[in-house]
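Student: Residue numbers (the working numbering): 1 to 158.
Pasting in a structure now, in structure tokens, and then I'll have a few things to ask.
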């Protein structure tokens, strides 16, 4: 087993444990919602290493950020808009400290508006399809580059 597969397997195993992480404010997910969140996290982690492609929305062609979200949520039967601004409007804004695995994190890369989305894994980590020439990654939300561009957390599963 190569190092990438071992890393993804480790992340998948860790991801299932993240569902029980604290957070969520007054929101208490049902067992069905917890299972859905776990599936979203595992599906997102399964895309690690896929290439970035602007406009991409499949593992075969690659992903941009909103295509990744649309694809991963779609695997669980959840219909999502195609672009990050519409995805932002599709849910409820929550405090970052209340974010649970499967919630979405929104960023302003351009500095003018919401133009990037990531899937929160819990434990301060998120899955991103970052930019041209890169692959889908897991990155800490406290990373200075991401933290400076962070705008809001949004809950879709409620």
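In this text, a Cβ means the ideal position worked out from N, Cα and C, and glycines have one as well.
Can you determine whether any heavy atom of the ligand FAD sits closer than 6 Å to the C-beta of residue 41, and answer yes or no?
Tutor: For the ligand FAD, the structure offers nothing, since it holds no ligand at all.
Student: Helix, strand or coil for residue 79, going by three-state DSSP, please let me know.
Tutor: coil
Student: Along the chain, where does the alpha helix (DSSP H) containing residue 88 start, and where does it finish?
Tutor: 84-89
Student: The alpha helix (DSSP H) with residue 59 in it runs from where to where?
Tutor: Residue 59 -> no alpha helix (DSSP H), and no H or E assigned at all.
Student: Inspect the CB distances between the segment 81-92 and the segment 58-67 and report whether three or more fall short of 8 Å.
Tutor: yes
Student: From residue 122 to residue 100, what does the alpha carbon distance come to, in whole angstroms?
Tutor: 6 Å
Student: Is it true that the CB of residue 109 sits closer than 7 Å to the CB of residue 165?
Tutor: No answer is possible for residue 165: it lies beyond the span of the chain, which begins at 1 and ends at 158.
Student: Mind checking whether residue 153 and residue 115 have CB atoms under 7 Å apart?
Tutor: no
Student: Put residue 122 into one of helix, strand or coil per three-state DSSP.
Tutor: strand
Student: Can you give me the C-alpha to C-alpha distance between residue 94 and residue 119, rounded to a whole angstrom?
Tutor: Within the model, the alpha-carbon separation for residue 94 versus residue 119 is close to 14 Å.
Student: Strictly under 7 Å for the Cβ-Cβ distance: is residue 140 near chain E by that measure?
Tutor: In the displayed structure, chain E is absent; only one protein chain is listed.
Student: Within 10 angstroms of its Cβ, does residue 133 collect 16 or more other Cβ (buried), or is it exposed?
Tutor: exposed
Student: Which first and last residues belong to the alpha helix (DSSP H) in which residue 40 is found?
Tutor: 31-45
Student: Excluding five sequence neighbours on each side, which residues of the same chain lie with their C-beta closer than 8 Å to the C-beta of residue 55?
Tutor: 64 and 67
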